[in-house]
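The next block holds one structure in the form of structure tokens; read it before the comments.
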């Protein structure tokens, strides 16, 4: 936890949150990416940041409700607008409630019931569903004036603050713009330090997604362009998916694609780029088999 920034107007010695343990970190540029706490950190350097934390509350079901990735109300944005499919579960939400302290952005019983009620309008089957839980966090929104809640834009800003602490603050935005935020911030910092270099953030494969992009490993020999690589990937994807999909619907496995002992392991070994896509169907298929065996 940041407790002080030397060089700003507020001269508090930096120290670790553990009692008695103190240390200093020296840097040419301090980058403030504290999310909803970015305003608090900026204030330690004597800077003002008009940040308005907004609580978002989500509810998680025990199963996937829709095959499609997202389903929402066709109306003006409001609480409980969406049902998002994620692996074997669905996520209902969200809310946009202004909070003074990001640490107090916690789910409430009333909000949970409201989100479920709105979700039932989209998917009546939710009335019979079980729910795993709910969670909440604060968005670091940057209001343009007296806007509140959903009126506040989800845009972002990289602020080059002029304090002696050489502070650069990244605020606003959302998960879908994080890489662009990083690129803009990196370009600004390089310019400030006199470094001439291209940002590579937007070209890096995100952790955990390597198996979904096998054509990146095939570039060079035998491949004249990235488009050729992608075509090869989709050919493999479609061929493998049709075989796995056929097994999950018919139970016939002529190519030993899946093994009843360890279906997930077999999928990952033979078709690693399919493991995420068929995880839900695999669970559904084995759940049906278990029901036939134990409930007949």
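Residue numbers (full-length UniProt numbering): 1 to 296.
All C-beta atoms in this analysis are idealised placements derived from N, C-alpha and C, irrespective of residue type, glycine included.
None of these values were measured; they are calculated from a predicted model.
Determine the burial state of residue i: buried for a count of at least 16 other Cβ atoms within 10 Å of its Cβ, exposed for fewer.
i	result
residue 81	buried
residue 52	buried
residue 251	Low confidence applies to residue 251: its pLDDT is 48, below 50, so where it sits in the model is not reliable, and the reading given next is rough at best. Exposed.
residue 169	buried
residue 139	buried
residue 200	exposed
residue 181	buried
residue 47	buried
residue 110	exposed
residue 72	exposed
residue 32	buried
residue 65	buried
residue 115	buried
For the beta strand (DSSP E) holding residue i, just list the boundary residues, first then last.
i	result
residue 70	70–72
With a CB to CB cut of under 6 Å and the five nearest residues on each side skipped, what residues in its chain are close to residue i?
i	result
residue 129	61
residue 6	none
residue 134	59, 107 and 112
residue 216	For residue 216, the pLDDT reaches just 45, beneath the cut-off of 50, and the residue's location in the model is therefore unreliable, leaving the point undetermined.
Confirm, please, whether the CB-CB distance from residue j to residue i is below 7 Å.
i	j	result
residue 41	residue 99	no
residue 119	residue 83	yes
residue 91	residue 121	no
residue 37	residue 77	no
residue 136	residue 106	yes
residue 49	residue 35	no
residue 4	residue 44	yes
Could you pull out every residue in the same chain whose Cβ sits closer than 7 Å to the Cβ of residue i, ignoring the five residues on either side in sequence?
i	result
residue 177	156
residue 131	59, 60, 61 and 62
residue 29	166, 168, 189, 192 and 193
residue 183	199, 201 and 202
List the endpoints of the continuous alpha helix (DSSP H) containing residue i.
i	result
residue 189	178–193
Which residues in the same chain as residue i place their Cβ atom closer than 8 Å to its Cβ, once the five residues preceding and following it in sequence are excluded?
i	result
residue 188	158, 160 and 168
residue 54	96, 97, 98, 99, 138, 139, 141, 149 and 152
residue 124	none
residue 186	199 and 201
For residue i, verify whether its CB is less than 6 Å away from any heavy atom of the ligand GTP.
i	result
residue 100	Within the structure as shown, the ligand GTP is missing, as the structure has no ligands at all.
* **Completely contained alpha helix (DSSP H) runs for the UniProt domain "FAD dependent oxidoreductase" (16–172), where each covers 4 or more residues** => 38–44 and 109–122
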